[in-house]
Structure formats: C-alpha cells, structure tokens
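Asks:
There are 2 protein chains.
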Amino acid sequence: MRQSKLFAPTLRETPAEAEIISHQLMLRAGMIRKSAAGMYTFLPLAQRVIGKIAKIVREEMDREEGQELALPIVQPAEIWKESGRWEVYGDEMFRLVDRHKREFCLGPTHEEIITTVVKNDIRSYRDLPLRLYQIQNKYRDEIRPRFGLMRGREFIMKDLYSFDLDEAGLEESYQAMYRAYTKVFTRCGLKFRPVEADSGAIGGNVSQEFMVLAEAGEALILYCDACNYAANIEKAVSKVPVASGGTMVPLELIETPGQKTIDEVSAFLKVAPEQTVKTLFYGTGDGYIAVLVRGCDQVNEIKLYNSLGGKNLYLASPEELHEVYGLPVGYVGPVGLDEKITIYADNLVKEMHQVVVGANREGYHYRNVEPERDFVNVNYTDLRTANPGEACPRCHGHLQQVRGIEAGQIFKLGTKYSKALGATYLDEKGQSQLMVMGCYGIGVSRTMAAAIEQNYDANGIKWPMAIAPFQVHIVAVSADQLQVAADLYKQLNEAGIEVLVDDRNERPGVKFKDADLIGIPIRITVGPKGLAQGEVEVKYRQTGAEERWPLTEVTTRAASFIRQCLSENR
Amino acid sequence: MRQSKLFAPTLRETPAEAEIISHQLMLRAGMIRKSAAGMYTFLPLAQRVIGKIAKIVREEMDREEGQELALPIVQPAEIWKESGRWEVYGDEMFRLVDRHKREFCLGPTHEEIITTVVKNDIRSYRDLPLRLYQIQNKYRDEIRPRFGLMRGREFIMKDLYSFDLDEAGLEESYQAMYRAYTKVFTRCGLKFRPVEADSGAIGGNVSQEFMVLAEAGEALILYCDACNYAANIEKAVSKVPVASGGTMVPLELIETPGQKTIDEVSAFLKVAPEQTVKTLFYGTGDGYIAVLVRGCDQVNEIKLYNSLGGKNLYLASPEELHEVYGLPVGYVGPVGLDEKITIYADNLVKEMHQVVVGANREGYHYRNVEPERDFVNVNYTDLRTANPGEACPRCHGHLQQVRGIEAGQIFKLGTKYSKALGATYLDEKGQSQLMVMGCYGIGVSRTMAAAIEQNYDANGIKWPMAIAPFQVHIVAVSADQLQVAADLYKQLNEAGIEVLVDDRNERPGVKFKDADLIGIPIRITVGPKGLAQGEVEVKYRQTGAEERWPLTEVTTRAASFIRQCLSENR
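Protein sequence lines correspond, in order, to chains A and B.
So the first sequence is numbered by my numbering: it starts at 1 and just counts up by one.
So the second sequence is numbered by my numbering: it starts at 571 and just counts up by one.
1) Alpha carbon to alpha carbon, what distance is there between T256 (chain A) and A359 (chain A)?
2) Verify whether the separation of the beta carbon atoms of D768 (chain B) and I872 (chain B) is less than 7 Å.
3) Can you list the residues of chain D that E638 (chain B) reaches, using a CB-CB cut of under 7 Å?
4) Flag E724 (chain B) as yes if its beta-carbon sits less than 7 Å from any beta-carbon of chain A, otherwise no.
5) Spatial neighbours of T10 (chain A) within its chain, please: CB distance less than 7 Å, with the 5 preceding and 5 following residues excluded, ordered by chain position.
6) Are there three or more Cβ pairs, one per stretch, closer than 8 Å when the region 99-106 of chain A is compared with the region 66-79 of chain A?
7) Taking 7 Å as the cut-off, decide whether the C-beta atoms of Q1041 (chain B) and I1067 (chain B) are in contact.
8) Going by other Cβ atoms of all chains shown within 10 Å of its Cβ, with 16 needed for buried, is Y314 (chain A) buried or exposed?
9) I'd like to confirm the pairing. Which residues does DSSP put opposite F94 (chain A) in its beta bridges?
10) Among the residues of its own chain, which have a CB less than 8 Å from the CB of K191 (chain A), if the five just before and after it don't count?
11) Within 7 Å (strictly less), CB to CB, does N137 (chain A) reach chain B?
12) Can you tell me which residues form a DSSP beta bridge with C675 (chain B)?
13) Starting from N120 (chain A), trace the beta strand (DSSP E) in both directions and tell me its first and last residue.
14) Using only the alpha-carbon positions, how far apart do E724 (chain B) and R95 (chain A) sit?
15) DSSP on S238 (chain A), reduced to helix/strand/coil?
16) So, is the C-beta of A466 (chain A) closer than 7 Å to a C-beta in chain B?
17) Suppose contacts are defined by Cβ-Cβ distances below 7 Å. Is V118 (chain A) in contact with I467 (chain A) by that definition?
18) For Y40 (chain A), which residues in chain B fall below 8 Å Cβ to Cβ?
19) Do you know whose CA, among A:Q533, A:I343, A:D164, lies nearest P129 (chain A)'s CA?
20) Using a Cβ cut-off of 7 Å (strictly closer), state whether D734 (chain B) contacts chain A.
21) List the residues of chain A that P811 (chain B) touches, going by C-beta distances under 8 Å, in chain order.
22) For S35 (chain A) versus P642 (chain B), is the C-beta distance shorter than 7 Å?
23) What three-state label does DSSP hand I518 (chain A) in the structure shown?
24) Is the distance from the Cβ of V332 (chain A) to the Cβ of V355 (chain A) below 7 Å?
25) Starting from E935 (chain B), trace the beta strand (DSSP E) both ways and give me its first and last residue.
26) Is DSSP giving Q208 (chain A) helix, strand or coil here?
27) Using a Cβ cut-off of 7 Å (strictly closer), state whether D225 (chain A) contacts chain B.
28) If we cut at 7 Å on Cβ distances, does L666 (chain B) have a partner in chain A?
29) Could you check whether the region 975-992 of chain B touches the region 827-838 of chain B, counting it as contact only if at least three pairs of C-beta atoms, one from each stretch, sit closer than 8 Å?
30) Under DSSP, the beta strand (DSSP E) around Y709 (chain B) begins and ends at which residues?
31) Starting from N232 (chain A), follow its DSSP beta bridges and name the residues at the other end.
32) Please decide whether V972 (chain B) counts as near chain A, where near means a Cβ-Cβ distance under 7 Å.
33) Do the region 908-923 of chain B and the region 856-868 of chain B make contact, defined as three or more Cβ pairs closer than 8 Å?
34) Would you check if the region 696-715 of chain B and the region 947-967 of chain B touch, i.e. whether three or more CB-CB distances between them fall below 8 Å?
35) Can you check whether the C-beta of S35 (chain A) is within less than 7 Å of a C-beta belonging to chain B?
36) May I ask you to report which of helix, strand or coil DSSP gives P194 (chain A)?
So, in structure tokens, the structure goes:
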C-alpha cells in the first residue's frame, strides 16, 4: 500500500483525552477516532490489525472444532427475562424498543440466544458436543467508559459457547479452549498468563482469565515463582502461617481509650496487627452481616459476594451500625453481637489465638480472645485478599505480583443457562438431560490495545510481527528514490509480504517519526547513501537493531526474518 | 468438515412462515434461524457463504483502492440532526438512549459518521481522493419485515464512501465502483444487470442498481433488447409515438352520463384511451396538485416525488376533492380548475391533440381538447411509468421486462453531506472547497438469498461454485465406505479443496436428500458398486449431470472443475 493513499492521519501531539499509552498511540498513529464516549471508528491501520487477530482466533477456534456462526446483535427481551438476566444487567445493558414497542437489547453477551438456538434444533445425544462461536460487536453501557479500547461501550469480541453431554464433556471443551487461547495469544506474540478467576455475572464456578502482562493493566495478578499457580487478585489464595497459641487464658476486657484503628490498637497494646481481628459490617438489603479478617488483611469483596451466593452487598459505615444497633464507632467486635447478625470469618481467623478484638463498648477491647471459644454463629471461609510475598497455596514457592490486561476468559457454566432456558437432549436411554455448557471470550479489540501496552517505546508502537498492520515499511528518503522504492515494493509484494511504502512528499524526519509511531516491524530506508553502494538501511522496530542489506537480498532477508518471527510463536 | 459434527439442522418440511424460495431453503438447509421478526441467526453453512461473498467484495473494493475500516454501529444523534436525517428516517430508524439519556441510533447507513470522520482529519487536496468501506450489520426497523433475508431488520452490508476533489473525481470513483460491482456479482456466479435507478432517501442524482435477476425479485426492470439501456421501473423512460393532430377544432362540451372511468368514456365516445388524459390529485399537506397522464398510462409516483423536489405526497380521493373544491367525482379535468391548483403533466400530454378530458361538471367531458391551447399553468415533465414493448429511449430497440433483486446500489451524492456537515478541503490555491461524495452499497446477506433465488430446483439449492459453503460433498453410502471417504476427504483437503463429508449414520436416501438440499456443487458418492470398480459416482448439482471418476483421479478432476468454474467468472 502506498502511504500517500493511506487514510492514517497521524498526530504530533497527544490528545488530552487519552489516559493510557495504547489509547494515546492509537489516536496518534491514526488508528482510531472517537465518535462518542466508549465508541470508536477503527481506521484502516487498526482494521488491518483487527483482521489479523481475528484470523488467528478463527484458525485456533476451528482447530478445536469450533464452528463459526453469527448471532443477532439486537436480541429480544423475552429470552433475557427467561434467564433472569434482563433485571440483573441493569443500566449496563443498552435497551431499545422497536416501532411495535417490543423490547430488545444490544447483546452484551450471547448465552441466552445461543442456548435458544441450540435447544430448538438439538434433540439427541448424537448431535453433541457442539462448539459454536462468532466474532462480533458487543455492547456494554459502562458508567465510565475510559482507557480507549480497554473499557469501551462498543467493542469486538470472539465468543464461543460449548454444549456437552456431561461434566466430562465440558472438561474436554474447557481444556480445548484453554489450548486454543494459549495458542492465540502465543501466536499474537504476546506475553501473557492464564490465571484463576472469579466467574462474575456470567455464572458458573470454574473460570480462567488470559492476562496480557502490562503495567497499565487494570488487573492485579498473583503468581507463584516456583510452580504455575496464578490467579486474579479477586480469586488468589495463599498459605499464611498463624502463630500457634500457648495456654488458653480467659477473655480480658481492657481499656483502650481513643484507640480505634488497628494500627492504634496494635501500638497501644503492643501486639502485631496479625494478632488482631477486625470486624466489618455489610448491608444485604434485609439486614447486616459481620465479616472478620485479621487486622492486617483486606476483605475480598468478590469472595464475600460469592460466599453469600451472589447477594448484593454494600460496606455499612460505622455510623450506620451505631444508628441501628447502638454499636460504638471504632470498638466493634464479634463477641456479644446481636444474634440476628450472622458472622462470616476468614479461615485464618479460626486458627488464631490470643487475639485482640473490639468489645462493642466505647473505649474498650478484648484481649486473649480465642475465636474457637469466644465467637459464636460463625461461617468460616476464604474471605481475605492474598498478598505478594505470601506462600503459594500449591507448593513451596512464593507469590509475586504483576499487572495484566484481561484479554480472554473461559468459563465452565454448567447447567445454569440450559436449566433456565430448557436446553435438553435425549440420552442413549431416551432420558431427557440438561446440556452442560461453557463460554469462552476473547476481547479482539482489547487484545489490539493490550498488544500496544506491552510493545511500545517513547517513539511509538512496536508491533509483534503476527499482528502488525504491515510487515515491512519502506521509506523513500526523497523523490529521487521513489522508483527504487516502488521496485522493492513490487518485489516484496510478489513474495507475499505486506508492505507499506512511504511515497509521501514529506521531509525524511517526518517520515521516520511516523514510521516509529506506526510501528511496523521492519523499516527499510531507501536513501542516496545506501543506494550508492547498492544497499538499503534496515531498522528492526522491536529491538532497534540496524543493518544494511544489499538491494538484491531485500526480499529473501525480509521473508526469512518474518518467517522466523512467526514460527517462534507457533 | 465432517457432517456428523456440523451444526446444520435440516428440515423435511417447509416452515409455514417462509414465503419465498430462498427463505424456505435457507431454513430447510439449516442455514438460518429466526430470533425475532426480520432478525436471523446465521448458522455455520450460511456463515461460510457470507464469508465467501465478503472475501470477494473485499478483494474487489481493495483492487479499486478501497480501504477497509469499521465505523460504529451505534451512532450519536447529533450528526443525524446536523444532516437533517434524524427526522427524515422516522420509524425506520432504531433509536435508543444510553444511561446518561444521550440519544443514539443503530446505523441504517453511515454517510453522517464517515463524513464526520473524514472532515475532522482531512485538510488538503493532497489527501484526496479517499474510498473507505466497511462490511457490517445495518439496521432498519421495517414496518413489515419479510421474505427472510430479503427485507430484514438486521442485515449485512458493504458500504463504501468516496470523497473526491470535484465532479470529475466523483465520476472516476463512481466508474471504479461500477467496475468493482460488476466484478463482484460476476465472480459470485450470478446473472445480474446494472440498471438506472432512483436515488431515493440517500440523496444525489445519479444512481444505478445491480439487480440479480430472479422471478421472486421485488423490483421490475425494463431493459432494451438492442442496446444496454436498463432501468428500474421507477426510473425507466421510453419513446412513445403520439398521433399528430389534424386541424385544430374548438373545444366541445359533451354529455357523458354515468361514464366515469377511462374505459367507460373511451368506449362511449369511441376514442382510444391513448386519446384521453386522466387527471389525478395529490395532497401535499399545504394544498393539492393535479397530475395529468394519458388515459392509458400510470403515474409514476417516484418521478412525481422527485419532480416536486422530494415533497411528501398522497393520492387524494375523488371524495376529498369533491369536499374541498366541489369537483364532481369521475368528471374532473384540467380545464377551468381552481387557480391554486398547480398542474403537473407528463411530457407526452404536451404532444397530444384532440383529446378527451373530464369537464369538472357532473356527466360531462370535453373533447377536441388541445393541451397546448387549453391547459394553463402546466409543468411538463416525465411522470409516466414506462411499459414493456415500448421503444428504447436510446436506440431502435424495444423494452423488455424482467424481475430482479436489488443486491447493490451506487450513488453520486455530490455535496449533500459535505455541505450539511462541513466537509471541506483546501485546494491548491488555499481556497476552501466542499468534498464531492459518492456512496456504494452491497447487501451481503441479501446477495446470499438472491443467489438462491436464481439457483435452485425442487430438491434444494444449487450454489454457484464461488460462494458455495463447500466445494465438494462426499457421501459415504454406508459405514463400510467411511474409510475410503475419509481418505478422499484428506486428499482433497490437502489440495486446498473445501470438502464436507457425510459420515453420519443415516440411510443413503436421507444423505442424498440433504446433499441436494444443501446444494454443494460437486457430490461424490462413495458406494459399494463404484468402489468395486475403483470408482466413485459424481453428480454436478448445477446441471444434474453424472459421471464416474476413478478413485485415483478424484482430486485432479475435482480441482480442475473447480478451477474452471471460478475462472469462467473472473
């Protein structure tokens, strides 16, 4: 493609609206333009990248027996009401009515409609398993769209749904998708990590996220430095040693005037925060629950939400508790609470001894508390957020922390949707059985942005070869080299190499700046100095390494480097 | 692909909802399923066909310097208000509001948004021309969605927009798209005809439709049997001889009791309908106009609408005219009408002599009317619908009639949108100029349906090779032939041939029926009789011709036939 014809309006200045690198660079490289909050036009360079990612995704889905189809974007409300999610999605779902006042939504995901399609046409166990996918725009009316393509309201997703006979079949489908996702992100040339994840509003109980590692990532990941354990911070667990208790001694009420925070109480009583238990209260709409974790730990609200079976919760303020139960602000604790308050405590709390807790009396704490002895009506479960440096739950290693961008997620759904929507089949004995489902998403447009977050420098993007908009960028220094550039362009094209040739009437400086910004892996400069010796200057965008190639070897050397890049990631 | 795995649920019965062949066959062949009125899921077979059409479209757009991008489907209302079309589109546009109550629509077309994108980034004449396209879902809330994919509410379109410096540039872009469209439909293996068309709500003044010829087509086409003139019935013109007048004689009022229709009056007065003029009245919202055509002609309301500059019109009933002006039902005419009523008359009327018209008096007509002498306040223009059998407007040939499906349309838009939205560039002298635009659409999903309307028989679809979901269908007669079928499948696949192999545990009759229904061009039956002689039976779906191929020649013969099919349409 000739750059003089390409619609890629580059910008010198970084637009003020762009907060993160990928957003800034995509605007500056003329890849995207905003049309409304969270809604973007993909200009030709971005469209080429999207096309390449989509092609890799298709090939890997097909390899694992995925079949591509296309579900409607505009979906009738009825099926969402049947599954119960018409209400659940709330304001995040774009809704509309047609001219006959029938209700529709713009699909944020497609479990309902694919389950309906499959249940209407599948009768027998012989027709399963099925793995069906599509690549399509999805819609979520985010309250605060931001970070460019990272958290948009209109975005491109690949979503695959698996329908199996039973849990064993689901496990196969799930593993197939795990393989496929691993290949997709590997082939895209990205550093990534599959991590255990919470399954959130989609449902189901087993889920993994594929995280593209990048500092700008919204997600925190803990991973083991010894084994392959890795989990989203929302899900991660760790092994934490708890001091074993000495002889039990009686509970002691102790005056702690003005000492309200964990830090204050610890200092005042000269105990480590690890020896205290803090008590938080959450409102559930029909009352309150108390939540206990060690004084040094954070309550993990996702774990709490799941422990309560997906009940909506909010953190109640101390003032609210004072109002309702007369509890003193800063001195609340689990001993002697109103019986109507159920206590949820983190597993570690159960193992603790000689603990300090608030006494529910202004200016007092208890010490020598023995949770097993002194707390009643407690549900113990994993409720704390794991921390880097803690021991791996699986081996002797320790957890490290890294940031990532969630580019894919795979879920075991089980029978949640097949039950709600009546998706059954007849087994070999003629008995009706529920299909067992999984769902598997890749954010195609988000993967493009994530690739940039992982591959850039001060001058611009450094595309991995497999998803670069072009493979080679020929820059003609001046009009005198246009003919040589055109000849090279033709040669490379004929060898099946994707080339952008900068034939614009611009100063060399402008051309080099734009080339760095756009980030095509191989830059070939055709200039008078090199040509005098029958050579071109080559610069690799990823490493910055420079070489000179004889004109006669340009095609073979470019082809060989491209082949090498692509095969490394196979 | 193994058919036992393919999600293509075929139906024996034709669903009652399906009115036309393509709709029936796509449902029966397991290609589509309805999710709501005018909204469909494309199952894997349909998705494969769509993919092939889209690929051909992309290649031909790219060849003519089109650049692919992706515009948002959800578009902000502001730009539609700026162009004035937020109101014009009325109920046909799906509208929605986001959580912040901002208004959006689902794009029925993308002139506004592409013009906005281009105007924001293009400054100089050096950046033009641009030809930008996308392939994407479009939305029209049809009042009565029907005919399956023909008139859906969610459908797949390719839309390209050209931005040129001037009219000469637009002409080049328009011709480039004419070439590209001709190649697209030719390569798809379709019989089609480009016809002159009305430009409708999109605007502009030059437009052609690409009609796939098929009996089920909603569009009537007139074409010349001698030259290449062809036009949509809404636009077609013809040469019609008009009897030259003798000596002018005075206007004569004549009693015609009870003779109200053209036929009654003609018979009563013994004149041909060609010698009468009929007068119709249209309400314009702020009054009425009278429209005159020969008694034997039909008013073409599209031509009338355009003559009035796009004013909305309705045919007023004789009773309404009686009410307002006291005109007698069945005896209205242009002589002596209220001055406030402007008269629009078809060009042919001007040439007529000694004509009969209603006298605006109960039971009376005038005869010997001379339009040029007796009608006042008349605007003559082309207002009649041309008819088959009439003379070609360009040559000595005659017009023939045929039905077609509009699968593509190309428009010269001129400056309608660049003016409304302020899309300008600076010319070589630094002067601001309006960009000159064109727009060009192909109904991708409709092309799939149109291909079926043109290629089917009583047993099912007969796909043209270039857009068939698979090229070869191997049918193993029984389990005994599965190994041979699998070997052939592997061989053909390795030769790059797209194969579906029917490995299902079904009776041969069921397999053959499904094969005919799905309509893959080459069917290879692997049965015991043939195998005994080292042969397979081959049936060409398009012609019904049968052959036997030695097992050893299957790949070369299939490849050669496929090559031949594809090259015929290059």
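Think of the CB as a built atom: it goes at the ideal place given N, C-alpha and C, for glycine as much as any other residue.
Keep in mind the model is a prediction, meaning the values are calculated, not measured.
Replies: According to the data block:
1) Cα atoms of A359 (chain A) and T256 (chain A): separation of roughly 10 Å, rounded to the nearest angstrom.
2) When the beta-carbon positions are compared, D768 (chain B) and I872 (chain B) come within less than 7 Å of each other.
3) Note that chain D does not occur in the displayed structure, where the protein chains are A and B.
4) At least one CB of chain A lies nearer than 7 Å to the CB of E724 (chain B).
5) Result list for T10 (chain A): R28, A29, G30, D514, L517, in chain order.
6) Yes: the two stretches touch, three or more of their Cβ pairs being nearer than 8 Å.
7) Yes, these two residues count as a Cβ contact at 7 Å.
8) With fewer than 16 other Cβ atoms within 10 Å, it is exposed.
9) In the DSSP output, where bridge partners are listed per residue, F94 (chain A) has none listed.
10) Here the set comprises V212, L213, Q454.
11) Interface annotation, N137 (chain A): in contact with chain B, CB-CB separation under 7 Å.
12) B:Q645, B:R665, per the DSSP bridge assignment.
13) No beta strand (DSSP E) contains N120 (chain A), which is instead part of the alpha helix (DSSP H) from 111-121.
14) Taking the straight line from one Cα to the other gives about 16 Å.
15) Coil at S238 (chain A), not helix or strand.
16) By the rule that beta-carbons nearer than 7 Å mark a contact, A466 (chain A) does not touch chain B.
17) The answer is no: Cβ separation not under 7 Å.
18) Neighbours of Y40 (chain A) on chain B, chain order: P642.
19) It is A:D164.
20) Not closer than 7 Å to any Cβ of chain A, the Cβ of D734 (chain B) fails to qualify, so no.
21) None at all; the shortest Cβ gap to chain A is about 47 Å.
22) In this structure, P642 (chain B) lies closer than 7 Å to S35 (chain A) by Cβ.
23) In this structure, I518 (chain A) counts as helix in the three-state DSSP scheme.
24) V355 (chain A) sits away from V332 (chain A), with the two beta carbons spaced by 7 Å or more.
25) Just to set this straight, residue 935 (chain B) is His in the shown sequence, not Glu. For H935 (chain B), the enclosing beta strand (DSSP E) stretches over residues 934-939.
26) In the structure shown, Q208 (chain A) falls within a strand segment according to DSSP collapsed to helix, strand and coil.
27) Closer than 7 Å: no.
28) Closer than 7 Å to some Cβ of chain A, the Cβ of L666 (chain B) qualifies, so yes.
29) These segments do not touch.
30) It spans 700-709 - the beta strand (DSSP E) in which Y709 (chain B) sits, taken as one unbroken run.
31) DSSP lists A:I221 as partners of N232 (chain A).
32) By this cut-off, V972 (chain B) is not an interface position.
33) The region 908-923 of chain B is in contact with the region 856-868 of chain B.
34) They do not touch, by the three-pair rule.
35) S35 (chain A) counts as touching chain B.
36) In the structure shown, the three-state DSSP call for P194 (chain A) is strand.
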